[in-house]
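Peer 1:
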Amino acid sequence: MPEGHTLHRLAHDLGDAFAGRVVRVSSPQGRFATEAALLDGAVLEGAQAWGKHLFLDLGADRFVHVHLGLYGTFVLGATAVDDAVPAPVGQVRLRLVAARDDGGAAWADLRGATACELVTGAGVRAVADRLGPDPLRDDADPDRGWARIGRSRAPLAALLMDQTVLAGVGNVYRAEVLFRHRLDPYRPGESLRRRRYDELWADLVDLMHDGVRTGRIDTVRPEHTPEAMGREPRVDDHGGEVYVYRRDGLPCLVCGSPVRRAELAQRNLFWCGRCQRRHVPRGVQ
DNA sequence: CCGGAATGAAGAT
DNA sequence: TCTTCCTTCCGGA
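When we follow our numbering, the leftmost residue of the first sequence carries the number 1, and every step to the right adds one.
(1) What span of residues does the alpha helix (DSSP H) with residue 4 cover, start to end?
(2) Going by DSSP, what residue range makes up the alpha helix (DSSP H) through residue 150?
(3) First and last residue of the beta strand (DSSP E) that includes residue 198?
(4) I need the DSSP call for residue 224, collapsed to helix, strand or coil.
(5) Run through DSSP, which three-state label would residue 285 get?
(6) When DSSP builds the beta bridges, which residues end up paired with residue 183?
(7) So who's on the other strand from residue 263, going by DSSP bridges?
(8) Which residues mark the beginning and the end of the beta strand (DSSP E) in which residue 77 is found?
(9) So, helix, strand or coil for residue 191, using DSSP?
(10) In terms of residues, what are the limits of the beta strand (DSSP E) holding residue 57?
(11) Compute the beta-carbon to beta-carbon distance between residue 152 and residue 160, rounded to the nearest angstrom, for a pair I have assumed lies under 8 Å.
(12) Per the contact definition of three or more C-beta pairs closer than 8 Å, is the segment 115-124 in contact with the segment 31-39?
(13) Does the segment 132-151 come close enough to the segment 163-171 that 3 or more CB-CB pairs lie under 8 Å?
(14) How about residue 36 and residue 94: do their beta carbons lie closer than 9 Å?
(15) Is it true that the CB of residue 186 sits closer than 9 Å to the CB of residue 155?
(16) Does the Cβ-Cβ distance between residue 52 and residue 67 come in under 9 Å?
(17) Looking at C-alpha atoms only, which residue of 69, 102, 150, 175 is the closest neighbour of residue 110?
(18) Should residue 38 go down as buried or exposed, given a rule of 16 or more other Cβ atoms within 10 Å for buried?
(19) Going by C-alpha distance, which of 17, 125, 15, 182 is nearest residue 255?
Okay, here's the thing in structure tokens:
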């Protein structure tokens with residue numbers, strides 16, 4: 001379930017479980033076996049995320065760069081004292097195991113990642129340098145995002161997904177933040193005013209921090225929760241309560257008109273054609 | 001700019 | 001068995 005909040009949450013949880021500890025590194029599946037052997041027994045210095053990229057610092061200028069792609073997962077677990085770490089199930093590209101203070105062990109299994117590679121600090125910087133500001137990072141500079149959006153004719157829905165514009169926003173957050181601000185997804189970036197961009201950015205900072213905390217994407221305002229509206233909670237594998245993401249054909253929670261779906265840059269885009277009224281360019285009736 | 005490929009697993013048919 | 005997915009990169013028009 002990989003948007004930026006997932007990776008920041010992982011960085012946090014992996015840090016909690018492994019930082020400062022000797023880590024057993026392996027690749028049960030074998031595709032990271034050579035690198036794993038080099039890293040086995042190192043102390044994990046820390047973990048951090050930039051957008052949808054995760055970096056594990058194993059000291060000596062060695063970092064594991066992970067990108068989950070569309071469907072990668074990094075699952076963490078712990079065993080009680082004297083219990084064995086579970087045998088790997090399926091395609092486990094990378095496994096980390098470390099002792100816990102309580103006598104048990106912490107473990108983490110990476111599957112399905114599009115990137116799992118050993119890089120240097122220079123490699124980390126190279127990735128970070130080509131990313132736009134990340135709403136989940138305290139050191140983010142939103143001006144850099146505005147510099148791209150405010151002068152682009154590309155649709156907002158495309159710009160928000162472009163990791164060189166803003167880092168960490170994925171298909172769910174883009175659809176939801178556009179809905180929350182009643183913005184037409186096809187509206188060109190350059191038609192936005194700075195004030196609106198600032199509101200968008202601030203909202204992403206809030207929503208994505210919520211996502212890190214809860215591990216799911218909830219974007220509905222208090223008046224649109226299932227309890228407030230007396231409706232059934234959303235049931236699907238993603239968990240969160242949302243306005244438009246994968247709700248095509250269902251009534252908009254605000255106006256009741258059917259949520260729409262279209263392809264944009266090979267991805268499904270969802271929006272409400274009524275709430276997110278078509279943007280009419282200046283000078284056109 | 002477009003299609004296709006590359007990562008795994010779950011859910012639908 | 002097929003389809004889908006919270007992504008990105010690459011190669012050929």
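Glycine residues also receive a C-beta, built at the ideal position from the N, C-alpha and C atoms.
Peer 2: This is what the structure holds:
(1) Numbered from 1 along the first sequence, position 4 holds the residue referred to as residue 4. 4-18 is the span of the alpha helix (DSSP H), which, as asked, contains residue 4.
(2) Taking the first sequence and counting its residues from 1, the one referred to as residue 150 is at position 150. No alpha helix (DSSP H) holds residue 150; DSSP gives it neither H nor E.
(3) Translated into positions along the first sequence, residue 198 becomes position 198. Element bounds for residue 198: not the beta strand (DSSP E) but the alpha helix (DSSP H), 194-214.
(4) Within the first sequence, the letter at position 224 stands for residue 224. Three-state DSSP puts residue 224 in a helix.
(5) Translated into the one-based positions of the first sequence, residue 285 becomes position 285. Its pLDDT being 45, under 50, residue 285 is placed unreliably in this model, and the coordinates cannot settle the point.
(6) By 1-based counting over the first sequence, the position of residue 183 is 183. Beta-bridge pairing links residue 183 to no other residue.
(7) As a position in the first sequence, residue 263 is number 263, starting the count at 1. DSSP lists 268 as partners of residue 263.
(8) Here residue 77 is taken as the residue at index 77 of the first sequence, counted from 1. 73-79 is the span of the beta strand (DSSP E), which, as asked, contains residue 77.
(9) Indexing the first sequence from 1 puts residue 191 at position 191. Here residue 191 sits in helix by DSSP.
(10) Looking up residue 57 in the first sequence gives position 57. It spans 53-57 - the beta strand (DSSP E) in which residue 57 sits, taken as one unbroken run.
(11) Taking the first sequence and counting its residues from 1, the one referred to as residue 152 is at position 152. Taking the first sequence and counting its residues from 1, the one referred to as residue 160 is at position 160. Not a contact, Cβ separation roughly 11 Å.
(12) yes
(13) yes
(14) Here the question's residue 36 lines up with position 36 in the first sequence. Here the question's residue 94 lines up with position 94 in the first sequence. Yes, they are a contact pair.
(15) In the first sequence, residue 155 corresponds to position 155, counting from 1. In the first sequence, residue 186 corresponds to position 186, counting from 1. Yes, the Cβ-Cβ distance between residue 155 and residue 186 is below 9 Å.
(16) As a position in the first sequence, residue 52 is number 52, starting the count at 1. As a position in the first sequence, residue 67 is number 67, starting the count at 1. Contact: yes.
(17) The residue you call residue 110 lines up with position 110 of the first sequence. Per the Cα distances, 69.
(18) Position 38 of the first sequence, counting from 1, holds the residue named residue 38. Residue 38 comes out exposed.
(19) For the purposes of this step, residue 255 is identified with residue 255 of the first sequence, where counting begins at 1. Comparing Cα-Cα distances from residue 255 to each of 17, 125, 15, 182, the minimum goes to 182.
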